[in-house]
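A short write-up of the structure that comes next.
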Amino acid sequence: MKKWILVLFAMLPSLAMAAGANVPLDKANNDLSDQASLQNGAKLFMNYCFACHSTQYQRYERVATDIGIPLDLMQENLIFDSNAKIGDLMENAIPDAMAAKWFGAPPPDLTLVARVRGADWLYTYLRSFYADPSRPFGVNNVVFPSVGMPHVLEELQGIPTPVYETQTTENGDVQVVVGIETNGTGELNAEEYDSAVRDLVNFLEYSGDPVKLERHTLGWWVMGFLVIFTIVVVLLKKEYWRDVH
C-alpha cells in the first residue's frame, strides 16, 4: 500500500500539469535527427529567447558539436557575449533583480523546459499569443492565460488577433478565444512560422535530453543482445538437461 502511495505522489506534478491544460495541444512532430532543424532552432533561440532565458546546463561547444555547427561559426554567429568562450555554459547576462523588476519574476532557465512541459505544449504555446491591450506587454496566450512574457516572435508571425466564440456557462454567456489570426505583417507566412516554431521546439527538446537518440540506439542494441543471450541460455539449458535425463 505504501508503495502505491509513493508512486501516486511522484505522479502528482505531471497529473496537475495535464489537468491544467484545458486547450487541445497540437502535435509538434519533432525530429531530433534533423540537424538542419536543430541548427535553425538554435539560431532562433539565441536571437529571440536568449536575451532573457538561459540554458545554463549546456555548453556552447557541446551544442555546436551535437547539432553539426562548426565551432568557429558558433563563436562568430551565435555567441553574443564578447567575453564568452566556446567552452562556457550558456548563461545570459540579464541580472535576476532587474529581470524580476521588468517581468515580475526572473525568466526561467529553459534547458529542461521541454521535459517539464512537453514538446506539444511548447509548440502550441508559441503559436497561441494574441493581442490583448489589457496586458502589460500587450499580449495574452490561449494556452497560458495572463502570461507575463512578450510575444518575442511577433516580427516573424505578425500581429496575432484573437478569434472569439460565445460559449454558455453557469455564469452566463462568455467570450472564449478559439483561434488566432495574423494581419500578414510578419516576415513569415503561417506555414513558415509553424515550421520555425517547430525548429525552435526541436532545439529545446534536444536541450532537455541531448543523448536521447544515442540512448534509444543503445536500447536497441541492448534488446538485441538480450534476445541473443536468451537463445544461447535456452540452448545451453536444453543441452544440459538432455544429459541429465
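Letter by letter, the sequence shown follows residues -18 to -1, 1 to 227 of mature numbering (1 follows the signal peptide of the UniProt record, and there is no 0).
Just so it is clear, CB atoms sit at the ideal spot from N, CA and C, and this is done for glycine as well.
On the DSSP letters alone, give me the boundaries of the beta strand (DSSP E) that residue 162 sits inside.
154 to 164
Is the beta carbon of residue 161 closer than 9 Å to that of residue 145?
yes
Ordered along the chain, which non-local residues of its own chain (more than five positions away) have a Cβ less than 6 Å from that of residue 109?
179
So, using beta-carbon positions, are residue 69 and residue 20 closer together than 9 Å?
no
Which same chain residues, not among the five before or five after residue 138, have their C-beta less than 7 Å away from its C-beta?
168, 169, 170, 175 and 178
With residue 81 and residue 31 assumed to form a contact (beta carbons below 8 Å), what rounded beta-carbon distance in angstroms separates them?
Rounded, the Cβ-Cβ distance is 13 Å, inconsistent with contact.
Would you call the stretch 11 to 30 in contact with the stretch 181 to 194, where contact means no fewer than 3 C-beta pairs closer than 8 Å?
yes
Quick one: complete beta strand (DSSP E) runs, 3+ long, within the stretch 61 to 122?
111 to 113
So residue 125 packs on residue 107, CB below 8 Å; how close in whole Å?
4 Å
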